[in-house]
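S.K.: Below is the structure I would like to discuss, written out as structure tokens.
Chains as they are written, first to last, in our numbering: chain A, 118 to 561; chain B, 12 to 307; chain C, 141 to 428.
Written out as structure tokens, the structure is:
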């Protein structure tokens with residue numbers, strides 16, 4: 118019954134989708150969550166698995182794993198990868214077919230809103246019990262766990278410990294902004310003598326400015342959300358900018374203690390990663406996805422948190438997050454759901470399978486999965502183990518993200534040209550007032 | 012009589028082939044122009060995110076257009092850019108054309124070189140010049156993306172580089188059509204070169220002036236690729252934010268495809284206003300040329 | 141008297157020399173941007189920004205590396221983009237030339253009310269800016285599955301028909317009817333009359349129209365960007381624009397190498413067909 122209803126809803130077009138599903142979704146959801154729990158008991162060779170994959174780069178690995186699994190277990194496993202940027206539309210059309218995906222991706226709160234009703238509650242399932250953290254799981258407003266993160270990425274300040282030592286510092290003593298600032302300014306003032314500088318700042322051109330307009334901006338969003346979690350359950354209509362001074366701390370430190378003057382960042386072309394890999398700078402802001410390239414040149418490179426002068430930041434962890442979260446289709450038969458969950462469990466527990474997958478994904482937050490060799494993700498794990506708080510990705514909430522960021526970048530460019538208070542006010546306007554304006558535009 | 016009869020019979024024979032001669036163009040024309048145009052007018056009166064649930068709202072969108080600070084800003088900015096580029100392009104293009112018609116050695120080579128930039132598309136052109144401006148302006152610790160003044164003149168320079176050669180060709184055609192004996196007569200009457208130029212040559216190439224002025228004006232108003240590739244509208248500042256070098260076409264595009272997709276009705280209304288503006292210029296040109304033709 | 145004339149001539153020739161020098165200088169300024177592209181396409185990335193106007197040195201010289209790197213920049217093969225650009229340009233121009241000349245001939249000869257309506261709409265479409273229809277046109281194209289390089293020429297035929305028909309009608313009207321009548325008396329069908337009698341005479345106009353369409357389609361950015369599925373199909377302008385928006389640091393040296401590759405065919409085409417191009421442009425401008 119619920120399957121039929123949902124099919125019809127699909128035909129109604131994307132706009133009607135969320136509306137009509139709100140009516141029937143609650144039902145189907147709770148119904149199938151029961152079946153999800155019962156799946157924990159035993160595995161069956163019947164049922165089919167169809168994974169609508171989100172990451173084109175892992176398609177090849179998945180296809181071979183799917184073959185291995187069907188050959189050994191006799192379960193039909195199909196993996197189909199949507200073209201990059203086409204996931205939403207592919208999902209919409211695939212879901213409407215007679216044999217819809219049993220496993221798909223719900224990657225953020227917006228997707229929870231539109232697809233949450235198509236996902237079973239994973240709470241208590243075998244796969245949920247394999248998970249090593251709750252940080253990357255997504256819940257809907259009724260508290261159902263609609264999707265579970267299966268890999269993640271992190272970003273922070275990547276440091277070259279050798280250079281820090283050469284400059285007479287010690288990376289282990291840096292557990293806050295003041296120590297970082299002292300060290301960076303010292304390195305910068307002696308740059309010509311040392312032969313290297315403190316920071317390689319990312320450029321402000323379209324290909325790179327997300328470091329400042331997305332990643333670094335997360336400093337403010339995250340601490341605002343930490344202070345007022347209720348307001349940040351979904352995109353808040355306004356933000357306070359209370360932690361903008363902390364954003365400024367790190368921004369100023371990065372841009373002013375670098376081989377290039379800030380005014381030159383606007384037009385781009387500096388390639389900070391190469392500077393870092395060539396040992397010309399001690400620090401850069403980047404993410405775990407650069408590990409392979411960085412470690413090839415600087416094997417001992419390590420990642421430290423965004424220290425920015427917030428109280429208690431000695432307990433800060435890295436900025437970790439993901440948009441890769443598994444959801445199991447609530448509209449398919451119980452058999453299919455069980456087969457799917459068994460497949461997922463196999464992926465994260467079988468030594469060979471999880472090794473292959475981890476090699477592609479960097480790290481998987483599951484107890485029995487093989488450990489990856491991505492040093493930066495391991496840094497994140499180490500910090501987590503030391504009871505540090507993960508800075509999650511609240512920048513995913515940015516309203517009208519392109520327009521919002523474009524205005525912020527432009528204000529930062531003006532500030533870079535002449536770093537005075539009036540120009541910083543321009544940044545504040547773009548950051549705080551811009552959020553409210555764009556929220557209005559998007560929702561009003 | 013017999014002749015027109017024959018013509019008529021040919022006409023009748025030809026009519027049978029209407030589907031073949033007109034069919035393909037008419038079908039493509041409906042797909043590529045007529046239907047989108049009608050739909051565009053209709054959608055400018057609707058509020059919509061996706062077309063299937065467009066809701067008729069009358070002229071609301073048009074009201075919103077005029078209270079949109081970015082649109083109003085872009086309108087004046089576009090008008091300024093168009094007028095400034097019109098003057099500079101035409102003065103330079105005419106000067107070059109005039110010099111090239113003075114029996115100069117290698118005139119063909121010069122003509123070839125001046126016209127060349129016109130063949131390069133706006134996107135590539137914008138990319139080339141942003142490299143040049145970056146290299147040049149970094150010496151002054153500034154960038155075309157942060158400096159409104161440079162953003163403006165940068166675009167004018169790019170437009171000049173691209174269009175002067177084009178306008179030059181039209182002026183050369185006009186200048187070559189000026190009867191030689193008129194200039195000879197002026198010379199014999201003792202007129203100086205300058206007098207000949209202003210009293211004889213220029214009045215005779217007035218039609219070329221008209222064409223070039225209208226062309227550069229509409230080109231200026233419709234400019235999109237170069238604007239997108241050179242500055243993309245930057246710098247942006249204030250609340251509500253204004254993109255300081257964003258021209259009308261880019262404003263419409265950004266309103267449409269920016270993420271505030273509930274502003275699509277407004278964007279379509281902007282497009283209709285934009286169309287009326289540009290079409291108005293085009294029709295004025297047509298009317299003007301017709302009038303001249305009749306007078307001559 | 142003779143003296144005076146001689147002096148005048150001398151002054152004039154002096155004046156011409158000065159003019160030549162001025163023009164030569166402007167000419168050099170004019171080609172500088174292109175020279176800058178050539179120079180920088182052989183430089184290592186980091187030197188493009190710092191030494192934009194200097195010749196490559198031993199330190200900054202990158203050899204052909206930029207060209208090798210450039211063709212796969214932006215996770216897309218440049219030659220594939222070139223192929224799509226070339227196909228779309230040639231197919232669209234051919235389609236436009238064939239069908240609009242036929243339509244124009246019919247309109248000029250038959251002159252019915254329907255023809256008048258079509259002709260009026262064509263002239264009307266010439267003054268409509270693309271932004272007016274960009275959203276609805278790209279939507280229509282997607283709905284009718286015209287969003288591939290193989291079908292986009294139909295869109296170009298539709299949106300670009302105006303100018304071509306306008307130019308052809310003007311010319312066909314100047315062809316005397318008698319020739320066609322003679323052909324008809326010889327038993328030629330209207331179709332054969334058109335292709336055997338009119339098309340040869342239309343050749344100059346066809347070249348003008350063809351050149352205008354080629355220049356337009358080859359350089360067009362927004363229409364293919366909105367109509368095509370850009371993950372799969374990119375033309376050269378789309379490819380270049382994507383370089384700017386892609387993640388990571390753009391290799392400026394490689395970008396310049398690419399731009400050079402993109403410009404070379406245009407320049408070669410221009411130098412080969414210069415006479416026609418300049419005539420075509422002049423004809424298009426005067427009529428449009």
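For glycine and all other residues, C-beta sits at the position ideal for the given N, C-alpha and C.
I'd like to know whether the C-beta of residue 414 of chain C is nearer than 8 Å to at least one C-beta of chain B.
M.R.: True, the Cβ-Cβ gap to chain B drops below 8 Å.
S.K.: Could you tell me the distance, in whole angstroms, from the CA atom of residue 338 of chain A to the CA atom of residue 173 of chain B?
M.R.: Their Cα atoms are separated by approximately 46 Å.
S.K.: Just to confirm before moving on: does the CB-CB distance between residue 133 of chain B and residue 272 of chain C stay below 8 Å?
M.R.: No; because the gap between Cβ atoms is not below 8 Å, this pair is not in contact.
S.K.: Contact criterion: CB-CB distance below 8 Å. Does residue 287 of chain A meet it with respect to chain C?
M.R.: So no, residue 287 of chain A is outside the interface.
S.K.: Check whether the Cβ of residue 186 of chain C lies closer than 8 Å to any Cβ atom in chain A.
M.R.: Output row for residue 186 of chain C: interface = yes.
S.K.: Could you tell me the boundaries of the beta strand (DSSP E) in which residue 270 of chain A lies?
M.R.: Residues 270-276.
S.K.: Quick check: what's the CA-CA separation for residue 280 of chain C versus residue 47 of chain B?
M.R.: Those two C-alpha atoms are separated by around 7 Å.
S.K.: Work out the CA separation of residue 368 of chain A and residue 223 of chain A for me, nearest whole Å.
M.R.: Answer to the nearest angstrom: the Cα atoms are 33 Å apart.
S.K.: Are the beta-carbon atoms belonging to residue 112 of chain A and residue 233 of chain A less than 8 Å from one another?
M.R.: There is simply no residue 112 of chain A to check, as chain A begins at 118 and stops at 561 in what is shown.
S.K.: Taking the C-alpha atoms as reference points, what is the distance between residue 182 of chain C and residue 412 of chain C?
M.R.: Approximately 26 Å, taken between the alpha carbons.
S.K.: Out of C/393, C/407, C/419 and C/416, state which residue places its alpha-carbon closest to the alpha-carbon of residue 211 of chain C.
M.R.: Cα-wise, what sits closest to residue 211 of chain C is C/393.
S.K.: What are the start and end residues of the alpha helix (DSSP H) that includes residue 454 of chain A?
M.R.: 451-466 is the extent of the alpha helix (DSSP H) around residue 454 of chain A.
S.K.: Mind pulling the beta strand (DSSP E) runs of 3 or more residues that sit fully within the stretch 265-345 of chain A?
M.R.: Complete beta strand (DSSP E) runs here, min 3: 270-276 and 314-316.
S.K.: Where residue 238 of chain C and residue 287 of chain C are concerned, what is the direct C-alpha to C-alpha distance, given to the nearest angstrom?
M.R.: The alpha-carbon atoms of residue 238 of chain C and residue 287 of chain C are separated by roughly 22 Å.
S.K.: In three-state terms, what does DSSP make of residue 274 of chain C?
M.R.: Residue 274 of chain C: helix per DSSP, three-state reduction.
S.K.: Quick check on residue 204 of chain B: buried or exposed, where buried means 16 or more other Cβ atoms within 10 Å of its Cβ?
M.R.: Classification of residue 204 of chain B: exposed, given that the 10 Å Cβ count is below 16.
S.K.: List, in order along the chain, the chain B residues whose C-beta lies closer than 8 Å to that of residue 392 of chain C?
M.R.: Chain B residues near residue 392 of chain C: 142.
S.K.: Is any beta-carbon of chain B found at less than 8 Å from that of residue 365 of chain A?
M.R.: By this cut-off, residue 365 of chain A is not an interface position.
S.K.: Using a Cβ cut-off of 8 Å, which residues of the stretch 321-334 of chain A contact any Cβ in chain C, in chain order?
M.R.: Going along the stretch 321-334 of chain A in chain order, one finds 322, 323, 324, 325 and 327 with a Cβ nearer than 8 Å to chain C.
S.K.: Among residues of its own chain, excluding the 5 on either side of residue 485 of chain A, which ones have a beta-carbon nearer than 8 Å to its beta-carbon?
M.R.: Only 247, 465, 466 and 471 meet the Cβ criterion.
S.K.: Is the beta carbon of residue 402 of chain A less than 8 Å from the beta carbon of residue 332 of chain A?
M.R.: Contact: yes.
S.K.: Please name the residue, chosen from C/192, C/324 and C/409, that lies closest to residue 350 of chain C on a Cα-to-Cα basis.
M.R.: When each option's Cα is compared against that of residue 350 of chain C, the closest is C/409.
S.K.: Can you tell me the Cβ-Cβ gap for residue 357 of chain C and residue 296 of chain C, rounded? I've got them flagged as a contact below 8 Å.
M.R.: Between residue 296 of chain C and residue 357 of chain C the Cβ distance is about 6 Å, and since that is below 8 Å, they are a contact.
S.K.: Mind pulling the chain C residues with CB within less than 8 Å of residue 131 of chain B?
M.R.: Correct list: 359, 403 and 406.
S.K.: If you reduce the DSSP assignment to three classes, tell me which class residue 157 of chain A lands in.
M.R.: Here residue 157 of chain A scores only 36 on pLDDT, less than 50, and its place in the model is too uncertain to base an answer on.
S.K.: Indicate whether at least one CB of chain C lies closer than 8 Å to the CB of residue 10 of chain B.
M.R.: Residue 10 of chain B is absent from the structure shown; chain B starts at 12 and stops at 307.
S.K.: Do we get a CB-CB distance below 8 Å when we pair residue 298 of chain C with the residues of chain B?
M.R.: With 8 Å as the cut-off, residue 298 of chain C counts as an interface residue toward chain B.
S.K.: Can you look up residue 156 of chain B in the DSSP assignment and give me helix, strand or coil?
M.R.: Note: residue 156 of chain B maps to coil in three-state DSSP.
S.K.: If you count every other CB in all the chains shown that lies within 10 Å of the CB of residue 87 of chain B, and 16 or more means buried, which is it?
M.R.: Answer is exposed; the Cβ neighbour count stays below 16.
S.K.: Count the other CB atoms, across all protein chains shown, that sit within 10 Å of the CB of residue 504 of chain A; report buried if there are 16 or more and exposed otherwise.
M.R.: By the neighbour-count rule (16 or more Cβ atoms within 10 Å), residue 504 of chain A is not buried but exposed.
S.K.: Of the residues that make up the stretch 44-76 of chain B, which ones have a beta carbon closer than 8 Å to any beta carbon in chain C?
M.R.: From the stretch 44-76 of chain B, only 44, 45, 46, 47, 48, 50, 51, 54 and 62 have a Cβ closer than 8 Å to chain C.
S.K.: Exposed or buried, what is residue 74 of chain B when buried is set at 16 or more other beta-carbons lying within 10 Å of its beta-carbon?
M.R.: Counting Cβ neighbours within 10 Å, residue 74 of chain B comes out exposed, since fewer than 16 surround it.
S.K.: Pull out every residue of the stretch 341-352 of chain A whose Cβ sits closer than 9 Å to any Cβ of chain F, in chain order.
M.R.: The structure shown has no chain F; the protein chains it does contain are A, B and C.
S.K.: Quick check on residue 259 of chain A: buried or exposed, where buried means 16 or more other Cβ atoms within 10 Å of its Cβ?
M.R.: Result: exposed.
S.K.: From what residue to what residue does the alpha helix (DSSP H) around residue 180 of chain A run?
M.R.: 176-190 is the extent of the alpha helix (DSSP H) around residue 180 of chain A.
S.K.: Taking only the alpha-carbon atoms, compute the straight-line gap between residue 414 of chain C and residue 282 of chain C and give it to the nearest angstrom.
M.R.: Cα to Cα, the separation comes out at about 37 Å.
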